[in-house]
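Data block below; observations after.
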Amino acid sequence: MLTAEELIRSRRMRLTPQRRAVLALFLDQPGKHWSADHVRDQLLPSMPELARGTTYKTLNEFVRQGILEELATVDGSLLYGLRLEPHHHFFCESCRNWYDVTARGLEQLRLDGLTNHLVESVDITFRGVCAHCQADQKAPHQTPPAHTP
Ligand SMILES: [Zn+2]
Ligand SMILES: [Zn+2]
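Quick note on my numbering: the sequence shown kicks off at 3 and runs consecutively.
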């Protein structure tokens, strides 16, 4: 696994403390999807001068480089996650956690009704209730195990 610094250099991006800190946050906790504000909140203790605008700009640069993905949620907010490997998502309607998943059989998918359209990527979101929430629901009288979104 590349470090944040190596990854930034490999994309010929200029290495700034902000870029390194933002990317390191995602690399340290792969599989997480955060809003820009949540990213900033996590970095503020070590980077009190980190502005909101800089956070957004940095995230967007990584999206443009294909390092981060941008997920539009139903409530209109944007979430960012690592996108080093192509993946799809499972969204838990209960804890509202986004899980990275790989899926089989997608090669069989065909578009109906559109001809001569070029498909460049496919993003699929499976929706339902995750295993943690199902376990919580089956044992309502117990303290639910701490699983953080
Ligand atoms: Zn859940
Ligand atoms: Zn993801």
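Backbone N, C-alpha and C define an ideal beta-carbon position, used for all residues, glycine too.
If you draw a straight line from the Cα of residue 6 to the Cα of residue 90, it is about 23 angstroms long. Here DSSP, grouped into helix, strand and coil, assigns residue 131 to coil. Non-local beta-carbon contacts of residue 132 in its own chain, meaning distances under 8 angstroms to residues more than five positions away in sequence, involve 92, 94, 96, 97, 99 and 101 in chain order. Cα atoms of residue 22 and residue 43: separation of roughly 16 angstroms, rounded to the nearest angstrom.
In this structure the region 66-74 does not touch the region 108-120; the number of beta carbon pairs closer than 8 angstroms is below three. Every residue whose Cβ sits closer than 5 angstroms to any heavy atom of ligand 2 is listed here in chain order: 83 and 102.
According to the DSSP secondary-structure assignment, residue 74 is paired through a beta bridge with 80.
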